[in-house]
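UniProt numbering applies: residue 1 is where the sequence shown begins, and numbers increase by one.
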Amino acid sequence: MPTHRRKVAMPKIAIIGAGLAGIACARLLTQRGASVTVFEKSRGFGGRCATKRWLDCRVDHGAQYFTMRDGEFKQAIEEACGDQVSTLNAPLFHRESGESSISPRYYHRLGNSHLCRDLAQGLEVRFEQIIDQVTPDGYCWKVLGEAFDQVVSTAPLPQTLRLLGQPPIRDSYIPCLALLLMYRNPPQGLTAKYYGMTSRPDEDIAWSACENHKEGRVTPGHSVMVVHAGEKFSRQHLEEAPEAWSALLRQQLERLWEIPAQDFHAQATHRWKFARVNAPVSPPILPAGLHFCGDALGESRVESAWLQGRAKADAVMVF
């Protein structure tokens, strides 16, 4: 197993995961002269910046919106995405305080997964790549039989540790059950007034939102609601079939937003096993040439993923 890194003129670096952290890391490493390959297990970009094409709609069922407080992140988004990034103008309603709030929140018109797609222009990204392990090979590491000088994993920490044959950290992530609901009428009442509604984390519904407030996302004449279940509910029903829990969330959503039950048209579900980190952990001690980058080391926010990816790129290369 490698105990130190070798200096090479153009290091080959593998990045596991085409979410925002992985793409941010890959961009900076490429700009600094590395040969970078990104491996993604799914068919598309995004990670938890996930967008589902559903019934002629585009629905964000992962990260709902993003902020742009960091100047470099804002510049990168503006250069890569152009006018495809828009502002959410409707406020949030906070059930616990009974107050509403509005602050700069943004979304990609084609779906938040397109943030990663746009930022990845010019990168080598290989999709549907199932990596079971990363193995040592002299000074290098083998990924799917190909040798790399260094490997950066942006997969959730439990998956990263499994790739490296290390024991998992128990309960390091909080799961989340997501429910998408379509209704036959356009937004009215609360759904027309508010974009999203927050609740206490211990409630069955922690977050819900009306996707119609994102321009061009929903079929005219319909409403689409996104529900993220709370931690307790998600843990309780995580291994159950969607039929066992979706009706419970739907009934509660219709009560919270005052949506007529008879307007219900269709639903879809998603299970996020690693939705957000339970509490930040210390960076795992890994052999030379292996790196971990992810929200287990910080905040579970879109912008934070970008910043963590950039910071990891600084730590990876020896120039």
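Every residue gets a Cβ at the ideal spot worked out from N, C-alpha and C, and that includes glycine.
All values derive from a computational prediction rather than experimental measurement.
Item	Value
Which residues does DSSP list as the beta-bridge partners of Leu181?	Met225, Gln267
Going along the chain, which residues of its own chain have a beta-carbon closer than 8 Å to the beta-carbon of Met10, five neighbours each way excluded?	Gly33, Ala34, Ser35
Start and end of the beta strand (DSSP E) containing Pro158?	Run containing Pro158: none in the beta strand (DSSP E); it sits in the alpha helix (DSSP H), 157 to 163.
By a C-beta neighbour count over all protein chains shown, 10 Å radius and 16 as the cutoff for buried, is Ser113 buried or exposed?	buried
Are the CB atoms of Ala275 and Arg48 within a distance shorter than 9 Å?	yes
List the whole-angstrom C-beta distance separating Ala206 from Gly230, where the pair is believed to meet the contact cut-off of C-beta under 8 Å.	4 Å
In the DSSP assignment, what residue or residues form a beta bridge with Gln150?	Ile13
Terminal residues of the continuous beta strand (DSSP E) containing Cys49?	Per DSSP, Cys49 belongs to no beta strand (DSSP E) and is neither H nor E.
Thinking C-alpha only, which one of Thr37, Glu303, Gln262, Arg310 is nearest Glu146?	Thr37
Check each candidate in Val152, Gln129, Trp245, Glu303 and name the one with the smallest Cα separation from Gly22.	Val152
For Leu163, I'd like the list of residues in its chain whose CB is within less than 8 Å of its CB, leaving aside the five on either flank, ordered along the chain.	Ile16, Ile131, Asp132, Gln133, Val134, Ser153, Ala155
From which residue to which residue does the beta strand (DSSP E) around Arg126 run?	124 to 126
Can you have a look at Gln159 and say buried or exposed, based on whether 16 or more other CB atoms are within 10 angstroms of its CB?	buried
Note the first and the last residue of the continuous beta strand (DSSP E) segment covering Ser208.	205 to 210
If distances are taken between C-alpha atoms only, which option among Glu96, Val125, Gln84 comes closest to Arg200?	Glu96
For my contact list, Val302 and Leu20 are in at a C-beta cut-off of 8 Å; report their separation, rounded to the angstrom.	6 Å
What's the gap between the Cα of Ala192 and the Cα of Tyr173?	34 Å
Less than 6 Å between C-beta atoms, sequence neighbours within five positions excluded: which residues of the same chain meet that for Lys142?	Thr135
Starting from Gly71, trace the alpha helix (DSSP H) both ways and give me its first and last residue.	71 to 81
Could you compute how far the alpha carbon of Lys52 sits from the alpha carbon of Leu144?	28 Å
Find the nearest neighbour of Ala266 within the set Pro284, Val224, Glu72, judged by alpha-carbon distance.	Val224
For Gln84, collect the residues of the same chain with a Cβ closer than 8 Å to its Cβ; drop the 5 residues on either side in sequence, then sort them by chain order.	His108, Arg109, Leu110, His114, Asp118
Nearest-angstrom Cα distance between Val277 and Ala76?	26 Å
Which term fits Pro187, buried or exposed, when burial requires 16 or more other beta carbons within 10 angstroms of its beta carbon?	buried
Span of the beta strand (DSSP E) holding Trp141?	140 to 143
Across which residues does DSSP place Arg53 in a beta bridge pair?	Arg58
Is Met317 near the ligand FAD - that is, is its Cβ less than 8 Å away from at least one heavy atom of it?	You won't find the ligand FAD in this model; it holds no ligand whatsoever.
Trp272 by DSSP, collapsed to three states: which one?	strand
What do you reckon, are the CB atoms on Lys214 and Leu55 nearer than 9 Å?	no
Which same chain residues end up closer than 8 Å to Ala241 when comparing Cβ atoms and leaving out the 5 residues on each side of it in sequence?	none
Leu177 and His237 look like a contact to me (Cβ under 8 Å); what is the Cβ gap, rounded to whole Å?	6 Å
Is the CB-CB distance between Arg27 and Leu123 below 9 Å?	yes
For Cys140, I'd like the list of residues in its chain whose CB is within less than 7 Å of its CB, leaving aside the five on either flank, ordered along the chain.	Ala147, Phe148, Asp149
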